[in-house]
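Under the working numbering, residues 2 to 272 are what the sequence shown spells out, in order. Cβ coordinates follow ideal geometry from the N, Cα and C atoms, glycine included.
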Amino acid sequence: MRVLITGAGTGIGRACALYLAEQGHMVIAAGRRAEPLETLAAEAKGEVRVQTLDVTDPQSIEDALPNISPVEALINNAGVSVMGSLEGVGLAEWRRQYEVNVFGVVAMIQAVLPQMRQRGGGRIVTIGSVTGRLVPPFMGAYGSSKHALEGITDALRREVKAMGIHVSLVRPGFVNTAFGEQEQASLKKHEHDAYTQAQRRFAVWHHDNGHKSAPDPKVVAVAVERALTETPPRTRYAVPASAIRLIGLRNWLPAPLIDRIMERTLKRGGA
Numbered sequence: 002m003r004v005l006i007t008g009a010g011t012g013i014g015r016a017c018a019l020y021l022a023e024q025g026h027m028v029i030a031a032g033r034r035a036e037p038l039e040t041l042a043a044e045a046k047g048e049v050r051v052q053t054l055d056v057t058d059p060q061s062i063e064d065a066l067p068n069i070s071p072v073e074a075l076i077n078n079a080g081v082s083v084m085g086s087l088e089g090v091g092l093a094e095w096r097r098q099y100e101v102n103v104f105g106v107v108a109m110i111q112a113v114l115p116q117m118r119q120r121g122g123g124r125i126v127t128i129g130s131v132t133g134r135l136v137p138p139f140m141g142a143y144g145s146s147k148h149a150l151e152g153i154t155d156a157l158r159r160e161v162k163a164m165g166i167h168v169s170l171v172r173p174g175f176v177n178t179a180f181g182e183q184e185q186a187s188l189k190k191h192e193h194d195a196y197t198q199a200q201r202r203f204a205v206w207h208h209d210n211g212h213k214s215a216p217d218p219k220v221v222a223v224a225v226e227r228a229l230t231e232t233p234p235r236t237r238y239a240v241p242a243s244a245i246r247l248i249g250l251r252n253w254l255p256a257p258l259i260d261r262i263m264e265r266t267l268k269r270g271g272a
């Protein structure tokens with residue numbers, strides 16, 4: 002299968018590109034910077050082609066289309082994480098969060114759907130997050146952008162099912178990538194006097210219990226490959242096991258109880 006992966010230069014996107022190429026898929030690794038993509042292609046055990054592409058730039062997408070087509074499967078992975086209190090994160094940063102995580106996803110879907118329709122089928126897999134269902138404090142910007150992907154995925158799946166196009170959402174929890182360093186930097190950047198103590202306690206919990214101690218991002222790549230090959234694929238996949246448990250709690254427990262559990266967890270972890 003010919004698979005286009007956005008944000009493939011680092012983290013989950015990189016893990017997906019390596020794993021899918023190893024499984025025999027022809028991978029088009031896309032990202033804003035050429036250097037990490039070329040390094041990826043050199044390391045891959047399989048066919049990986051590279052393409053510079055910025056999901057927030059319509060001209061960049063249009064220019065790339067002749068080089069990446071035909072796209073049999075799209076993996077919407079490109080994303081950023083803006084962290085901080087809702088009051089402390091400025092609107093410019095909120096807009097940046099949504100430009101990449103939401104509008105960039107929609108732009109890529111709009112770019113590839115015509116050719117998938119013409120071919121009579123395709124797969125679209127979007128990388129969401131467990132925070133799309135369960136949002137901790139100080140992750141409102143990021144979590145809300147991932148929550149938006151829940152609705153986008155549901156609508157798209159129902160719109161294109163009759164066209165032979167399958168749509169899935171993968172919901173990772175913490176995985177061991179440098180994404181956590183970006184989030185820590187964002188927490189520090191967006192400190193607000195009214196929340197300093199609570200936000201610093203959250204930052205300690207996030208540092209000690211987050212990405213560094215989490216499983217390898219290959220667990221996400223395995224779930225993505227399942228979404229590409231299972232017939233029919235699931236509408237949603239959650240990885241690792243801890244993410245499944247968290248989503249289960251959110252689905253079955255009342256919100257006030259979830260609030261108390263989260264508050265106790267963060268106080269204990271950030272002490």
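Beta-carbon proximity list for residue i, same chain, < 7 Å, skipping 5 on both sides
i	result
residue 68	52
residue 12	178, 179, 180, 218
residue 40	none
residue 139	84, 85, 86, 188, 200, 203
Any non-hydrogen atom of the ligand GDP within 7 Å of residue i CB
i	result
residue 74	The model on display carries no ligand, and the ligand GDP is accordingly not part of it.
Three-state class that DSSP yields for residue i in the structure shown
i	result
residue 117	helix
residue 265	helix
residue 31	strand
residue 87	coil
residue 197	helix
residue 97	helix
residue 109	helix
Outcome for residue i when other beta-carbon atoms lying within 10 angstroms are tallied against a minimum of 16
i	result
residue 150	buried
residue 46	exposed
residue 147	buried
residue 88	exposed
residue 77	buried
residue 226	buried
Contact set for residue i: own chain, Cβ-Cβ below 6 Å, skip 5 residues either direction
i	result
residue 234	167, 169, 228
residue 3	27, 73
residue 129	147, 150, 170, 172
residue 55	33, 61
Paired residues, beta bridge with residue i - DSSP
i	result
residue 167	124
residue 238	171
residue 77	127
Contacts around residue i, its chain only, beta-carbon distance under 8 Å, and the 5 residues preceding and following it disregarded
i	result
residue 137	144, 203, 263, 267
residue 223	20, 240
Supposed contact pair residue j and residue i - C-beta distance, whole angstroms, cut 8 Å
i	j	result
residue 173	residue 244	6 Å
residue 65	residue 7	The Cβ separation is near 10 Å, so there is no contact.
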